[in-house]
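Here the structure comes first, spelled out in structure tokens, and everything after it is commentary.
Protein chains: 2
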Amino acid sequence: MTSGLAKRIQRGATSYDVAREAGVSQSAVSRCFKPGASVAPRTREKIMEAARALGYHPNAIAQGLITRRSNLVAIIISNLTNLYYPEVLAELTQRLSAQGIRVLLFSLATESDVDEVLDQVWRYRVDGAIVAARLHPEQLAAFADRGVPVILYNRIGEGVPVASVCCDSVSGEHALVDALVEGEHHVFGIIAGPADSYVGEERVEAARRRLQQLGRDCLIVRGNFDYASGDAALKELMRITDHKMDALICANDLMAIGAIDSARINFGIEVPQNLSVVGFDGVGPATWLAYQVTTIRQPVRRMTEAAVAMLLERIERPELSPEQRLFAGELLPGSSARLG
Amino acid sequence: MTSGLAKRIQRGATSYDVAREAGVSQSAVSRCFKPGASVAPRTREKIMEAARALGYHPNAIAQGLITRRSNLVAIIISNLTNLYYPEVLAELTQRLSAQGIRVLLFSLATESDVDEVLDQVWRYRVDGAIVAARLHPEQLAAFADRGVPVILYNRIGEGVPVASVCCDSVSGEHALVDALVEGEHHVFGIIAGPADSYVGEERVEAARRRLQQLGRDCLIVRGNFDYASGDAALKELMRITDHKMDALICANDLMAIGAIDSARINFGIEVPQNLSVVGFDGVGPATWLAYQVTTIRQPVRRMTEAAVAMLLERIERPELSPEQRLFAGELLPGSSARLG
DNA sequence: GTCAAATTTGACTTCGAATGCAAAACTGGA
DNA sequence: TCCAGTTTTGCATTCGAAGTCAAATTTGAC
Chain X
658 MTSGLAKRIQ RGATSYDVAR EAGVSQSAVS RCFKPGASVA PRTREKIMEA
708 ARALGYHPNA IAQGLITRRS NLVAIIISNL TNLYYPEVLA ELTQRLSAQG
758 IRVLLFSLAT ESDVDEVLDQ VWRYRVDGAI VAARLHPEQL AAFADRGVPV
808 ILYNRIGEGV PVASVCCDSV SGEHALVDAL VEGEHHVFGI IAGPADSYVG
858 EERVEAARRR LQQLGRDCLI VRGNFDYASG DAALKELMRI TDHKMDALIC
908 ANDLMAIGAI DSARINFGIE VPQNLSVVGF DGVGPATWLA YQVTTIRQPV
958 RRMTEAAVAM LLERIERPEL SPEQRLFAGE LLPGSSARLG
Chain Y
658 MTSGLAKRIQ RGATSYDVAR EAGVSQSAVS RCFKPGASVA PRTREKIMEA
708 ARALGYHPNA IAQGLITRRS NLVAIIISNL TNLYYPEVLA ELTQRLSAQG
758 IRVLLFSLAT ESDVDEVLDQ VWRYRVDGAI VAARLHPEQL AAFADRGVPV
808 ILYNRIGEGV PVASVCCDSV SGEHALVDAL VEGEHHVFGI IAGPADSYVG
858 EERVEAARRR LQQLGRDCLI VRGNFDYASG DAALKELMRI TDHKMDALIC
908 ANDLMAIGAI DSARINFGIE VPQNLSVVGF DGVGPATWLA YQVTTIRQPV
958 RRMTEAAVAM LLERIERPEL SPEQRLFAGE LLPGSSARLG
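Each protein sequence line maps, in turn, to chains X and Y. Numbering-wise, the first sequence is residues 658 to 997 according to this note's numbering. Numbering-wise, the second sequence is residues 658 to 997 according to this note's numbering.
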């Protein structure tokens, strides 16, 4: 093994190296790695042998340049610490991988990062993007301008038509509210999500409307989707209802869990005997023995599958219309609420 | 705006387009986007103006090809569902982003995927990799062969010298065991992690040894790092100790939580009055009111910071030796154990 | 063995930005 | 105004694989 050869391996052998080693042209090597190309069996064998010997792997960067297909998809997620997203991310990544597509991950710490992130997204010429973060209409429009298909996850393009995959907040909250009302509750509280969360607002609005339709009032306190804010919001609700609240609707499971712990530990309230609590998402801890939260489980597998399928479709056929797919969640009865 | 121009924007304007628009050469455009290059102020202005008008963003793919620097780093994680990893992933991604480096994410569903993942890693000519998954020695060696720096996260290269960042299992478990022994416990149980987890084995071995040094026996049952296996392992331990176990050491927090719930709910055992439980990691739920797990909190921020710094150093200077950095965890006293 | 058809192969160009080098354009001092 | 020195600019080449097209080879029918 010459030093030149060793260096080649270090830097990554090229198709020319393989061609020389196998005594063929670079074109032949290229064809050999392209499924369905015309290469004689003997030639293919020689080339594969040489490729193995040199540790050759086609340079995806060079491929991307000439084919104008990077096989990269950007996944943009704002808060990975929301227990719901890691599962989504793992599913998306594995499904995309299975389709021969790599994931360029962008995790946003603050809103202001978005433009920097988009700059990078454009630079890498991604074939598409899946977004679970809040983007401005102009930012969404930029995707369309550049012909980069996007799928929004659990949010819709506000004002801009964008393809999206969502879990139906309205039907989910209806089911929860109906069951709570059947269960003979009198004072309803709601813990909302942060004001900038699309699903948070949608869920709360759906619950509030349904309660209204059924002739019930409710008090709303804002949280920010985490455990501590569930605790804090519960305290606030107990204060303003003079401890009379007996039904609590939370915009996600994590706040429901915070509220349950707070009720039990800070107030000595029994859940569900004296207070019914319901959540939304169906994340892991919701099913723990201590909580068994009554909640709506999002069909994550079906939703991620749809997101990937829709994205791939649009990469192949950019003219497809911005379909919105809405998935119904499943009511997990749990035991954190007395239902009718 | 001509149709040709519109198309250009669609496909992504090139430096030639910008050059033509600004009336300069492609080289000038290229220099204009390279920090510290020599461009006259007036020229720079013209170019930037044209770039803005055309929505030009340098093609990172083409840059990567010519400079042999993709500015991509692979992050390989086996189980994102382990509550500990999302936090690590978010930190790593944001820190790398801040350094102008993009993350190519690989999430492994099964062991067997590793070789496919590595194939892709080679194809994309990543500048480096951060690995929180079990790789065979030959797989690790492949990184060295190709001159791609790797940092292992919470594991070390078995047999192969590889740079790594770990949280010190031994000192952590020593602290926990010492405190438990001080707390007058008599029957010790351990819930181990899955056999293929490096940190799992290390933690259990450290705890077992320390107990032995202090003259205590212990019973070990294997779990797999999730909530359900904490529950199952607790049941098993209660059975084989004839309900006499009064101290339980878990290889991670999630199993500790499963065990606490199981003890309280399935056996009516008070924690920590009748049973002390300790964990490891310091993940979010460990601090919830219902648990307040006595545990070792890993210094995730410092660890991820170190991992990124070490990786960047090695990308610049590949000859650097495979340093191992060990971070001490912090004992979170919690209230799931009676300590001395 | 011949010849047309089918298959396989290689030369050459392309993708878009970076860079060495030489030419061009400035700068300021005399 | 001229010239040496400096800064700015453009030409031409490069990175590595894909794809077009024409040349070379193989195939098989007669």
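Just so it is clear, CB atoms sit at the ideal spot from N, CA and C, and this is done for glycine as well.
Rounding to the nearest angstrom, what Cα-Cα distance links residue i and residue j in this structure?
{"i": "Y/Gly850", "j": "X/Glu980", "result": "44 Å"}
{"i": "X/Met960", "j": "X/Val856", "result": "15 Å"}
{"i": "Y/Ser821", "j": "X/Ser764", "result": "24 Å"}
{"i": "Y/Glu702", "j": "Y/Glu678", "result": "12 Å"}
{"i": "X/Leu989", "j": "Y/Cys875", "result": "39 Å"}
{"i": "X/Tyr810", "j": "X/Val957", "result": "11 Å"}
{"i": "Y/Ser828", "j": "Y/Ile848", "result": "18 Å"}
{"i": "Y/Val807", "j": "X/Ala707", "result": "27 Å"}
{"i": "Y/Glu927", "j": "Y/Ala920", "result": "7 Å"}
{"i": "Y/Glu862", "j": "Y/Val819", "result": "22 Å"}
{"i": "Y/Cys907", "j": "Y/Ala913", "result": "5 Å"}
{"i": "Y/Leu983", "j": "Y/Cys824", "result": "6 Å"}
{"i": "Y/Ile723", "j": "X/Ser826", "result": "49 Å"}
{"i": "X/Gly661", "j": "X/Glu795", "result": "Confidence at X/Gly661 is low in this model, with a pLDDT of 43, below 50, so the placement of that residue should be treated as unreliable; the coordinate-derived value is given next. Their backbone Cα atoms lie some 51 Å apart in a straight line."}
{"i": "X/Gln683", "j": "X/Met705", "result": "13 Å"}
{"i": "Y/Ala947", "j": "X/Trp945", "result": "12 Å"}
Can you tell me where the alpha helix (DSSP H) with residue i in it begins and where it stops?
{"i": "X/Ala836", "result": "Ser826 to Glu839"}
{"i": "Y/Gly857", "result": "Tyr855 to Gln870"}
{"i": "X/Gln683", "result": "Gln683 to Cys689"}
Could you pull the start and end residues of the beta strand (DSSP E) that residue i belongs to?
{"i": "X/Glu987", "result": "Glu987 to Leu989"}
{"i": "X/Gln796", "result": "Unbroken run through X/Gln796 is the alpha helix (DSSP H), Pro794 to Arg803; no beta strand (DSSP E)."}
{"i": "Y/Thr961", "result": "That residue, Y/Thr961, is in no beta strand (DSSP E); its alpha helix (DSSP H) goes Val957 to Glu973."}
{"i": "Y/Gly846", "result": "Phe845 to Ala849"}
{"i": "X/Tyr673", "result": "Note, X/Tyr673: premise wrong, no beta strand (DSSP E); alpha helix (DSSP H) at Ser672 to Ala679."}
{"i": "Y/Arg879", "result": "Cys875 to Arg879"}
{"i": "Y/Arg982", "result": "Gln981 to Phe984"}
{"i": "Y/Gly785", "result": "Gly785 to Ala789"}
{"i": "Y/Tyr948", "result": "Neither: Y/Tyr948 is in no beta strand (DSSP E) and is coded neither H nor E."}
{"i": "X/Val807", "result": "Val807 to Tyr810"}
Can you list the residues of chain Y that residue i reaches, using a CB-CB cut of under 7 Å?
{"i": "X/His714", "result": "Asp776, Trp779 and Arg780"}
{"i": "X/Pro764", "result": "The question names Pro, but residue 764 of chain X in the sequence shown is Ser. Result: Ala747, Thr750 and Gln751."}
{"i": "X/Val934", "result": "Going along chain Y, no residue has its Cβ under 7 Å from X/Val934, so there is no contact; the nearest lies around 13 Å."}
{"i": "X/Asp918", "result": "Trp945, Leu946 and Ala947"}
{"i": "X/Arg974", "result": "Those do not exist, as X/Arg974 stays about 15 Å from chain Y at its closest Cβ, beyond 7 Å."}
{"i": "X/Gly738", "result": "Per the sequence shown, residue 738 of chain X should be read as Thr rather than Gly. The answer, in chain order, is Pro743, Glu744 and Ala747."}
{"i": "X/Gly997", "result": "In chain order: nothing, as chain Y lies at least about 26 Å away."}
{"i": "X/Tyr810", "result": "Near X/Tyr810 there are no residues of chain Y at all, since even the closest Cβ is about 16 Å away, more than 7 Å."}
By the 10 Å Cβ neighbour count, where 16 or more other Cβ atoms means buried, how is residue i classified, buried or exposed?
{"i": "Y/Leu977", "result": "exposed"}
{"i": "Y/Glu748", "result": "buried"}
{"i": "Y/Gln870", "result": "exposed"}
{"i": "Y/Arg974", "result": "exposed"}
{"i": "X/Glu767", "result": "Position check: residue 767 of chain X holds Thr in this sequence, whereas Glu was assumed. Exposed is the call here."}
{"i": "Y/Ser727", "result": "buried"}
{"i": "X/Gln930", "result": "exposed"}
{"i": "X/Ser672", "result": "buried"}
{"i": "Y/Arg865", "result": "buried"}
{"i": "X/Asn923", "result": "exposed"}
{"i": "X/Ala755", "result": "exposed"}
{"i": "Y/His714", "result": "buried"}
{"i": "Y/Arg709", "result": "exposed"}
Given that residue i touches chain Y, what residues does it touch there, using C-beta distances under 8 Å?
{"i": "X/Ser727", "result": "Ile718"}
{"i": "X/Gly721", "result": "Ile718"}
Can you name the residues of chain Y whose CB is closer than 9 Å to the CB of residue i?
{"i": "X/Thr951", "result": "In chain order: nothing, as chain Y lies at least about 17 Å away."}
{"i": "X/Ile922", "result": "Leu946 and Ala947"}
{"i": "X/Val760", "result": "Val760, Leu761, Leu762, Phe763 and Ser764"}
{"i": "X/Gly925", "result": "Those do not exist, as X/Gly925 stays about 13 Å from chain Y at its closest Cβ, beyond 9 Å."}
Give the interface partners of residue i over in chain X, defined as CB-CB distance under 8 Å, in chain order.
{"i": "Y/Leu989", "result": "By Cβ distance, chain X contributes nothing, its closest Cβ being about 16 Å from Y/Leu989, past 8 Å."}
Please compile the residues from chain X whose C-beta is within a distance smaller than 9 Å of the C-beta of residue i.
{"i": "Y/Val771", "result": "The premise fails here: Y/Val771 is roughly 12 Å from chain X at the closest Cβ pair, so nothing lies under 9 Å."}
Starting from residue i, find everything on chain X with Cβ-Cβ shorter than 7 Å and list it in chain order.
{"i": "Y/Pro942", "result": "Pro942"}
{"i": "Y/Tyr855", "result": "Near Y/Tyr855 there are no residues of chain X at all, since even the closest Cβ is about 20 Å away, more than 7 Å."}
Problem - Sequence ranges, alpha helix (DSSP H) only - wholly within the segment 892-938 of chain Y, length at least 4 - result: Within the segment 892-938 of chain Y, the complete alpha helix (DSSP H) runs of at least 4 residues are 910-924.
Practice task
Taking only runs that begin and end inside the segment 704-781 of chain X, name each unbroken beta strand (DSSP E) of 3 or more residues, in chain order.
Solution key: Fully enclosed beta strand (DSSP E) runs of 3 or longer: 729-734 and 759-764.
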